[in-house]
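Visitor: Please read through the structure below; I'll follow up with questions.
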Ligand SMILES: Nc1ncnc2c1ncn2[C@@H]1O[C@H](COP(=O)(O)OP(=O)(O)OP(=O)(O)O)[C@@H](O)[C@H]1O
Ligand SMILES: [Mg+2]
């Protein structure tokens, strides 16, 4: 791989280009992670969603596996300097793509709510009473939807080749309620592109014919489930504050 161009990098991945092929290398992991992403991506491809073609998974050594897929000559969906119209168009594109994903029935995929429950149970950042309130909230919100949810839908996971948009990074795909998936996207906007979070939420709700309050109802759960992800301390405290604020408002606590 050493002589290949690096075209991207994640927390535990490195993406190379080899001619018309992109190679997503998973470092320090077992091959089931790559197999899972390949299967999810292939499923999305078979459903006609705009995703790079999957070529296969290779085991390189005990700790490294590679997912080979179509290389997309791309530019980011959102650039640093965009005028208002360009930004609104980019968000609209993102929302349209997300809603296309949600139209697919994903029977047999892991359940989004099971994943949220597991992450909340596992985190060391919350105490038991708070966890138990969050688990009750999941029970209340869960309506057993089996829509395909990407699980990490945000601008960096959309590639633009000059004429077409592509959805990448299918590792977290699952079956669930589109509003929960949208809530995670909203939270990521809030954390990283704050001033566009409201535009995203309004655009999504208009397209999905959803109420903003129904998306935001998932916020404490989605924020709590994100606490163990790779981020700086300031971002984690912000997430924690959001969850605690919800908890105290539930219990009628006075600050
Ligand atoms: N098929 C592809 N063609 C061209 N570039 C790609 C392709 N797949 C990934 N990339 C590049 O690599 C970057 C990271 O890819 P991806 O999101 O799949 O990795 P990741 O490990 O999940 O990263 P993160 O943890 O940051 O989400 C993308 O933003 C893109 O720039
Ligand atoms: Mg990614």
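In the numbering used here, the protein residues as written are 170 to 424. No residue lacks a Cβ here, since even glycine has one placed at the ideal position from N, Cα and C.
As an exercise, report each continuous beta strand (DSSP E) stretch of at least 3 residues that is fully enclosed by the segment 290–376, in chain order.
Guide: As far as the segment 290–376 is concerned, its whole beta strand (DSSP E) runs of at least 3 residues are 316–318, 327–329, 334–336, 343–345.
Visitor: Can you check the segment 195–241 for any alpha helix (DSSP H) of at least 4 residues that lies completely inside it and give the ranges in chain order?
Guide: Counting only runs of 4 or more, we get 200–215.
Visitor: Any heavy atom of ligand 2 inside 7 Å of the beta-carbon of residue 350?
Guide: Here the question's residue 350 lines up with position 181 in the chain shown. Residue 350: no, Cβ never under 7 Å from ligand 2.
Visitor: Could you say which of 220, 333, 201 lies nearest to residue 246 if we only look at CA atoms?
Guide: Residue mapping note: residue 246 aligns to position 77 of the chain shown, counting from 1. It is 333 whose Cα lies nearest to the Cα of residue 246.
Visitor: In the DSSP assignment, find the unbroken beta strand (DSSP E) run with residue 250 in it and report its ends.
Guide: The residue you call residue 250 lines up with position 81 of the chain shown. Residue 250 -> no beta strand (DSSP E), and no H or E assigned at all.
Visitor: Who's in the neighbourhood of ligand 2, going by beta-carbon under 6 Å from any heavy atom, listed in chain order?
Guide: Matched residues: 179, 325, 326, 338.
Visitor: How many angstroms separate the CA atom of residue 352 from the CA atom of residue 189?
Guide: If you number the chain shown from 1, residue 352 lands on position 183. If you number the chain shown from 1, residue 189 lands on position 20. Roughly 35 Å separates the two Cα atoms.
Visitor: What does the Cβ neighbour count give for residue 364, buried or exposed, with the cut at 16 atoms within 10 Å?
Guide: Translated into positions along the chain shown, residue 364 becomes position 195. It is exposed - the Cβ of residue 364 has fewer than 16 other Cβ atoms within 10 Å.
Visitor: Can you determine whether any heavy atom of ligand 1 sits closer than 7 Å to the C-beta of residue 238, and answer yes or no?
Guide: Reading the chain shown from its first residue, position 69 is the one you call residue 238. Checking the Cβ of residue 238 against ligand 1 gives yes.
Visitor: Which residues share a DSSP beta bridge with residue 190?
Guide: In the chain shown, counting from the first residue as 1, residue 190 sits at position 21. Residue 190 pairs with 187, 239.
Visitor: Tell me whether residue 359 counts as near ligand 1, meaning its Cβ is closer than 7 Å to at least one heavy atom of that ligand.
Guide: Residue numbering aside, residue 359 sits at position 190 when the chain shown is read from its first letter. It does not: the Cβ of residue 359 is nowhere closer than 7 Å to a heavy atom of ligand 1.
Visitor: What is the rounded straight-line gap between the Cα of residue 370 and the Cα of residue 355?
Guide: Taking the first residue of the chain shown as 1, we reach residue 370 at position 201. Taking the first residue of the chain shown as 1, we reach residue 355 at position 186. Computed Cα separation, rounded: 6 Å.
Visitor: Any heavy atom of ligand 1 closer than 7 Å to the Cβ of residue 328?
Guide: In the chain shown, residue 328 corresponds to position 159, counting from 1. Result yes, Cβ under 7 Å from ligand 1.
Visitor: Since residue 384 is in the alpha helix (DSSP H), which residue starts that stretch and which ends it?
Guide: As a working mapping, residue 384 is identified with position 215 in the chain shown. Here the alpha helix (DSSP H) through residue 384 covers 381–385.
Visitor: Would you check whether ligand 1 has a heavy atom nearer than 7 Å to the C-beta of residue 241?
Guide: Mapped onto the chain shown, residue 241 falls at position 72. Checking every heavy atom of ligand 1 against the Cβ of residue 241, one is found closer than 7 Å.
Visitor: Using the Cβ count rule (16 or more neighbours within 10 Å means buried), how would you classify residue 359?
Guide: Numbered from its first residue, the chain shown carries residue 359 at position 190. Under this definition residue 359 is a buried residue.
Visitor: Which stretch, first to last residue, makes up the alpha helix (DSSP H) that contains residue 410?
Guide: Stepping through the chain shown from its first residue, residue 410 is reached at position 241. 402–419 is the span of the alpha helix (DSSP H), which, as asked, contains residue 410.
Visitor: Starting from residue 181, follow its DSSP beta bridges and name the residues at the other end.
Guide: Taking the first residue of the chain shown as 1, we reach residue 181 at position 12. BP columns for residue 181 are empty, so no partner.
Visitor: Need the endpoints of the alpha helix (DSSP H) that residue 275 sits in, please.
Guide: Along the chain shown, read from residue 1 onward, the residue named residue 275 stands at position 106. No alpha helix (DSSP H) contains residue 275, which DSSP labels as neither H nor E.
Visitor: Assuming residue 185 and residue 173 are in contact, meaning their beta carbons sit under 8 Å apart, how far apart are those beta carbons, in whole angstroms?
Guide: Along the chain shown, read from residue 1 onward, the residue named residue 185 stands at position 16. Along the chain shown, read from residue 1 onward, the residue named residue 173 stands at position 4. With 8 Å as the limit, residue 185 and residue 173 qualify as a contact, their Cβ atoms being about 4 Å apart.
Visitor: Identify the continuous alpha helix (DSSP H) that holds residue 388 and give its terminal residues.
Guide: Within the chain shown, residue 388 is the residue found at index 219, counting from 1. Its alpha helix (DSSP H) spans residues 388–394.
Visitor: For residue 382, is the classification buried or exposed, using 16 other Cβ atoms within 10 angstroms of its Cβ as the cut-off for buried?
Guide: For the purposes of this step, residue 382 is identified with residue 213 of the chain shown, where counting begins at 1. Residue 382 is exposed by the Cβ-count criterion.
Visitor: Taking only the alpha-carbon atoms, compute the straight-line gap between residue 226 and residue 250 and give it to the nearest angstrom.
Guide: For the purposes of this step, residue 226 is taken as the residue at position 57 of the chain shown. For the purposes of this step, residue 250 is taken as the residue at position 81 of the chain shown. Distance between the alpha carbons of residue 226 and residue 250 is about 37 Å.
Visitor: Measuring alpha carbon to alpha carbon, tell me which residue in 342, 240, 304, 327 is nearest residue 209.
Guide: Counted from its first residue, the chain shown places residue 209 at position 40. Ranking 342, 240, 304, 327 by Cα distance to residue 209 puts 342 first.
Visitor: Hey, is residue 193 close to ligand 1, as in C-beta under 7 Å from one of its heavy atoms?
Guide: Counted from its first residue, the chain shown places residue 193 at position 24. Answer for residue 193: yes, Cβ within range of ligand 1.
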